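Written below as structure tokens is the structure these notes are about.
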Amino acid sequence: MVKRTLVCPNCKNKVTIQGDLGEKIQVICPNCKSKGIFTFPGGKSGLKTTDNSFAIEVRGLTKSFNNFKAVDDVSFNVRTGEIFGFLGPNGAGKTTTIKAMLNLIHANSGEIKINGLDITKKGKEAKKYVGFLPERVAFYNNLTALQNLCFYAKMKNASKEECKALIEEFGLGEAVNKKVGKFSKGMVQRLGMARAVIGNPPILILDEPSGGLDPRGVVLVRDKIREMKNKGTTVFVSSHILSEIQALCNRVGIINRGVLVAEDTVSKLSKRLNLKPKISVELEKMSDGIVKAVKKVDGIEDVQIINKIINVVCGPKKKAKVIVAIEKAGGNIINLHTIEPSLEEVFMKFTEGNQ
Ligand SMILES: Nc1ncnc2c1ncn2[C@@H]1O[C@H](COP(=O)(O)OP(=O)(O)O)[C@@H](O)[C@H]1O
Ligand SMILES: [Mg+2]
Numbered sequence: 002m003v004k005r006t007l008v009c010p011n012c013k014n015k016v017t018i019q020g021d022l023g024e025k026i027q028v029i030c031p032n033c034k035s036k037g038i039f040t041f042p043g044g045k046s047g048l049k050t051t052d053n054s055f056a057i058e059v060r061g062l063t064k065s066f067n068n069f070k071a072v073d074d075v076s077f078n079v080r081t082g083e084i085f086g087f088l089g090p091n092g093a094g095k096t097t098t099i100k101a102m103l104n105l106i107h108a109n110s111g112e113i114k115i116n117g118l119d120i121t122k123k124g125k126e127a128k129k130y131v132g133f134l135p136e137r138v139a140f141y142n143n144l145t146a147l148q149n150l151c152f153y154a155k156m157k158n159a160s161k162e163e164c165k166a167l168i169e170e171f172g173l174g175e176a177v178n179k180k181v182g183k184f185s186k187g188m189v190q191r192l193g194m195a196r197a198v199i200g201n202p203p204i205l206i207l208d209e210p211s212g213g214l215d216p217r218g219v220v221l222v223r224d225k226i227r228e229m230k231n232k233g234t235t236v237f238v239s240s241h242i243l244s245e246i247q248a249l250c251n252r253v254g255i256i257n258r259g260v261l262v263a264e265d266t267v268s269k270l271s272k273r274l275n276l277k278p279k280i281s282v283e284l285e286k287m288s289d290g291i292v293k294a295v296k297k298v299d300g301i302e303d304v305q306i307i308n309k310i311i312n313v314v315c316g317p318k319k320k321a322k323v324i325v326a327i328e329k330a331g332g333n334i335i336n337l338h339t340i341e342p343s344l345e346e347v348f349m350k351f352t353e354g355n356q
């Protein structure tokens with residue numbers, strides 16, 4: 002949602018309007034009642050991915066620095082229109098993979114296709130489909146936010162109006178004419194996100210988009226990713242904020258020490274790891290008798306007590322038995338819910354052995 006202030010061509014009255022990028026709205030001047038149509042700049046990109054199944058294909062990617070394999074025979078596909086989370090501990094090889102995907106470094110071996118185009122042979126054409134947020138965002142420090150964005154907008158066939166709207170959308174409206182050299186890290190990151198989405202690219206590649214952002218910035222970025230997905234954009238996002246990724250992504254890939262150790266939905270990975278949901282029961286009062294009774298229930302795997310809450314790891318068939326045991330032991334249940342295995346648990350299991 003962006004705001005715009007228009008000047009009525011008839012009576013010169015100022016009218017402030019709100020809408021989404023690309024949205025067309027009728028504006029009625031509250032002063033002279035003149036009517037007009039205003040289209041917010043931006044909106045759908047003229048470019049569309051042509052390959053219907055995979056927007057990004059990575060096959061056998063290997064990249065070594067001297068004799069150190071930073072990325073070792075990594076293969077995965079990103080389906081068109083999905084949000085794919087790329088996770089891994091620091092130094093796992095995420096940025097190296099992303100740089101190779103965009104042909105910013107030369108891989109030792111492997112094949113990468115963006116929208117069906119080989120990145121090493123048709124890089125220029127392939128990159129037209131991509132909006133990219135690098136891990137270390139850099140701009141021309143002696144140019145303003147608007148001048149910087151306009152520079153990129155030319156390459157993406159986007160207008161100055163769209164740049165202004167994006168600067169405003171990312172909360173930098175007051176800094177539009179400020180030199181980027183005077184920006185804080187978070188402000189540069191916000192401007193980096195604005196640059197990535199200029200021209201509404203059909204594929205977005207974001208390397209740690211939450212890096213350096215305050216909570217409001219994190220929400221802005223998350224909402225923008227959702228908005229882009231709803232427009233049909235494919236999003237590839239690397240992040241270490243697992244709760245964010247769990248809430249956003251259709252599928253995840255987990256890389257550890259240069260090796261892709263998992264690629265699937267969080268729930269399928271949890272099943273593969275045999276991670277069970279927990280039932281979480283809040284009681285009016287906790288007692289040793291209740292804890293003992295629950296621990297005696299056949300087939301439960303773990304019991305955790307946090308004040309008046311009892312968390313029990315068990316299969317779905319054992320839930321009712323746990324509840325009956327609590328009630329028989331005199332427990333008064335005031336709240337009850339199931340906690341599904343988290344991406345954090347999945348991530349920790351797949352990256353075991355890393356400090
Ligand atoms: N230009 C480089 N020269 C030497 N080693 C590098 C270079 N770039 C990355 N590496 C190494 O490759 C590994 C993976 O790095 P990177 O892809 O940046 O990890 P991540 O993004 O997952 O944190 C690290 O051990 C890092 O030190
Ligand atoms: Mg990185």
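The C-terminal residue of the sequence shown carries number 356 in my numbering, and the numbering is unbroken. Quick reminder that beta carbons are idealized off the backbone N, C-alpha and C, glycines included. Given the structure is predicted, the values throughout are model-derived calculations rather than measurements.
Counted within 10 angstroms of its Cβ, other Cβ atoms place residue i as buried (16 or more) or exposed
i: residue 156; result: exposed
i: residue 168; result: buried
i: residue 349; result: exposed
i: residue 264; result: buried
i: residue 210; result: buried
i: residue 208; result: buried
i: residue 140; result: buried
i: residue 334; result: exposed
i: residue 175; result: exposed
i: residue 288; result: exposed
i: residue 332; result: buried
i: residue 170; result: buried
Per DSSP, the bridge partner or partners of residue i
i: residue 27; result: 38
i: residue 335; result: Residue 335 pairs with nothing; no bridge assigned.
i: residue 257; result: 260
i: residue 65; result: 70
i: residue 351; result: The partner list for residue 351 (beta bridge, DSSP) is empty, contrary to what the question assumes.
i: residue 307; result: 310
i: residue 110; result: 63
i: residue 119; result: 114
i: residue 78; result: 58
i: residue 105; result: Residue 105 is not bridged to any residue.
i: residue 340; result: 279
Cβ-Cβ distance between residue i and residue j below 9 Å
i: residue 79; j: residue 101; result: no
i: residue 324; j: residue 292; result: no
i: residue 90; j: residue 312; result: no
i: residue 106; j: residue 87; result: no
i: residue 146; j: residue 184; result: yes
i: residue 298; j: residue 314; result: no
i: residue 280; j: residue 320; result: yes
i: residue 192; j: residue 150; result: yes
i: residue 173; j: residue 154; result: no
i: residue 249; j: residue 262; result: no
i: residue 301; j: residue 284; result: no
Residue i CB to nearest heavy atom of ligand 4 below 8 Å
i: residue 95; result: Among the ligands in the structure shown, ligand 4 does not appear; only ligand 1 and ligand 2 can be found there.
(request) Kindly provide the ranges of any alpha helix (DSSP H) runs that are 4 or more residues long and lie completely inside the region 216 to 254, ordered along the chain. (result) 216 to 231, 243 to 249
(message) Check whether the region 193 to 207 and the region 121 to 133 touch, using three or more Cβ-Cβ pairs below 8 Å as the test.
(response) yes
(request) Examine the Cβ distances between the region 263 to 282 and the region 329 to 342 and report whether three or more of them are shorter than 8 Å. (result) yes
(message) Threshold first: 4 residues or longer. Then list the alpha helix (DSSP H) segments lying entirely within the region 261 to 300, N to C.
(response) 267 to 273, 289 to 297
(request) Assess, as a yes-or-no matter, whether the region 219 to 234 is touched by the region 30 to 43 under the definition of 3 or more beta carbon pairs within less than 8 Å. (result) no
(message) With three or more C-beta pairs closer than 8 Å as the rule, is the region 57 to 65 touching the region 104 to 120?
(response) yes
(message) What ranges does the alpha helix (DSSP H) occupy inside the region 143 to 206, keeping only unbroken runs of at least 4 residues that lie completely in it?
(response) 146 to 156, 161 to 170, 186 to 198
(request) Mind the definition here: the region 3 to 12 touches the region 21 to 31 only if three or more C-beta pairs lie below 8 Å; say whether that holds. (result) yes
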